[in-house]
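Worksheet: the structure to be examined is printed underneath.
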Amino acid sequence: MRRDALWAAACFVSGLLLLAAGAYQHRWAPAPLFAGPLAIACAGVAVRRSRPLLSLGLGVVAFLGDFAMGPSLGTVLIVTDNLYAGVRYGPRALGRWMLGITSVIAVVAGVIAGALFRHWSAAAIFLVQGGLVGVTPVFTAMLTRQLQDQALSERARAEQVARLAELDRAAAVQAERTRMARELHDMIANHFSAIAIQSTAVLSRRDLDARAVREVLASIRENSVEGMAEMRAMIGLLRQDGEEPEATRRRVAEAGELAERAREAGLDVRMRVDGEARELPASVDLAGYRIVQESLTNALKHGGKAADVVIGYRPGLVTLTVDNPVDGAGRGLPGAGAGIIGMRERTVLVGGVFEAGPRDDGWRVHAELPTREIT
């Protein structure tokens, strides 16, 4: 990544300044030779996120070379970042191994120093230095990773609670709509029954005078007007409950905002739009937006590194493709599989095609949503 490359360049310049200031052990090696291990460690900084194991390996090589000549302060400090990156972004099991290895090395270094200098203070100094250089960055990386997993778990749990609340709300709305529909039926039936009875009476009785007929017709008109008014009011409420305002409608064109939020959460999202973006039907817009949102959420929980999003506009069709690597992280989180079921149901509701499953060494979500041209 560009940010890591810039950080590596800054570390290299800072290390050279420390060498120029004499911040290295003066043994047999002149100062310019220390630039070699320094450059190797900085190269590890440049690939700390994209290739964490390589970063760790370069840090080990740089430390060994630097220790054989000195060591130097700049290289040792940068190597701590190589250790942190390897554990933070590498395989999960690596952290436990590195914690054990660095702890043993720190203890052995303290014992050897105590034996050589024949004083317990030397052992304590080397033990503390070994802990600061090796154990501290490894432990910090493990702790940071654990906190991120906990945050993802809490986020997933919050999403589940929100989904349950939305389901409860939808059930309540549906129950209310059903009750209103029954009321509408009873109300219309009442008014029209009165109209039918009164009109039948007028037709069946021939002894009614003009005044009585007029009173019955006035009552029929009153029932008709009142029934129409109540029916219009009830239908208006039913429509209002079931429609989403156009101003707050979610759109596929707003997927860039989802990508930006995912980047802020630590996911490297690469987004591409094929074809010319156009206005889509409301149902397709909402379904596409939710599919991209759920896919990025799953990528953050189960992949945690990067995701490629491709939105394609074709004649009569919009395609959504989200690819992300899977490293096994987050598989134990609640809600596994619920997101895929929801995405498939949204796709089916608009008459589309949905696929989700492993692809190469990652996971792919692909949806094709049919559209109609809006004029």
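Going letter by letter, the sequence shown gives residues 1 to 375 in the UniProt record's numbering.
Glycine included, each C-beta is placed from N, C-alpha and C at the ideal position.
Alpha carbon of residue i to alpha carbon of residue j, nearest angstrom
i	j	result
residue 21	residue 38	15 Å
residue 223	residue 209	22 Å
residue 366	residue 301	18 Å
residue 92	residue 320	31 Å
residue 386	residue 270	No answer is possible for residue 386: it lies beyond the span of the chain, which begins at 1 and ends at 375.
residue 125	residue 145	29 Å
residue 49	residue 359	22 Å
residue 228	residue 195	13 Å
residue 198	residue 161	55 Å
residue 293	residue 324	14 Å
residue 343	residue 299	14 Å
residue 322	residue 43	31 Å
residue 177	residue 170	10 Å
residue 372	residue 163	30 Å
residue 252	residue 315	16 Å
residue 246	residue 286	Confidence is the limiting factor: at residue 246 the pLDDT is only 43, short of 50, which leaves the residue's position unreliable, though a coordinate-based value still follows. Going by the C-alpha atoms only, they are around 11 Å apart.
residue 352	residue 368	5 Å
residue 355	residue 58	40 Å
residue 288	residue 24	58 Å
residue 87	residue 268	19 Å
residue 181	residue 174	10 Å
residue 148	residue 90	14 Å
residue 329	residue 150	Low confidence applies to residue 329: its pLDDT is 48, below 50, so where it sits in the model is not reliable, and the reading given next is rough at best. Straight-line Cα distance between these residues: approximately 12 Å.
residue 242	residue 158	Per-residue confidence for residue 242 stands at a pLDDT of 49, beneath the threshold of 50, marking its modelled position as unreliable; the derived number appears in the next sentence. Roughly 26 Å between the two C-alpha positions.
residue 256	residue 3	21 Å
residue 389	residue 357	No information on residue 389 is available, as it lies outside the stretch 1 to 375 that the chain covers here.
residue 347	residue 172	24 Å
residue 204	residue 212	13 Å
Backbone secondary structure at residue i - three-state DSSP
i	result
residue 244	Any reading at residue 244 needs caution, since the residue's pLDDT is 46, under 50, leaving its predicted position unreliable; the model's value is listed next. Three-state DSSP puts residue 244 in coil, outside helix and strand.
residue 312	strand
residue 329	Note on residue 329: pLDDT 48, under 50, position unreliable in the model; the coordinate value appears next. Note: residue 329 maps to coil in three-state DSSP.
residue 360	coil
residue 64	helix
residue 285	helix
residue 4	helix
residue 207	coil
residue 29	coil
residue 214	helix
residue 350	coil
residue 47	coil
residue 167	helix
residue 264	helix
residue 280	coil
residue 145	helix
residue 221	helix
residue 302	helix
residue 15	helix
residue 250	coil
residue 339	helix
residue 90	coil
Residues bridged to residue i (per DSSP)
i	result
residue 269	307
residue 24	72
residue 355	366
residue 324	363
residue 102	Per DSSP, none; premise fails for residue 102.
residue 318	313, 369
residue 274	312
Nearest candidate by alpha-carbon position, reference residue i, set the options
i	options	result
residue 9	272, 78, 29	78
residue 275	101, 295, 310	310
residue 318	199, 284, 14	284
residue 306	345, 312, 260, 281	260
residue 14	41, 25, 140	41
residue 370	326, 362, 282	282
residue 143	165, 361, 96, 204	96
residue 277	129, 297, 313, 290	313
residue 156	352, 339, 355, 351	339
residue 326	153, 364, 350	364
residue 296	279, 280, 258, 273	258
residue 81	149, 94, 67, 56	56
residue 192	221, 159, 101	221
residue 266	202, 117, 152	152
residue 60	101, 4, 127, 345	101
residue 29	68, 1, 12	68
residue 19	279, 215, 76, 206	76
residue 362	308, 346, 347	308
residue 54	27, 203, 85	85
residue 138	206, 98, 11	98
key: Segment contact flag, the region 59 to 74 with the region 27 to 36, C-beta cutoff 8 Å, min 3 pairs   = Proximity of the region 59 to 74 to the region 27 to 36 meets the contact definition, three or more beta-carbon pairs being nearer than 8 Å.
ask   = Is there contact between the region 129 to 140 and the region 99 to 107, where contact requires at least three CB pairs shorter than 8 Å?
value = Judged by Cβ distances under 8 Å, the region 129 to 140 makes contact with the region 99 to 107, as three or more pairs qualify.
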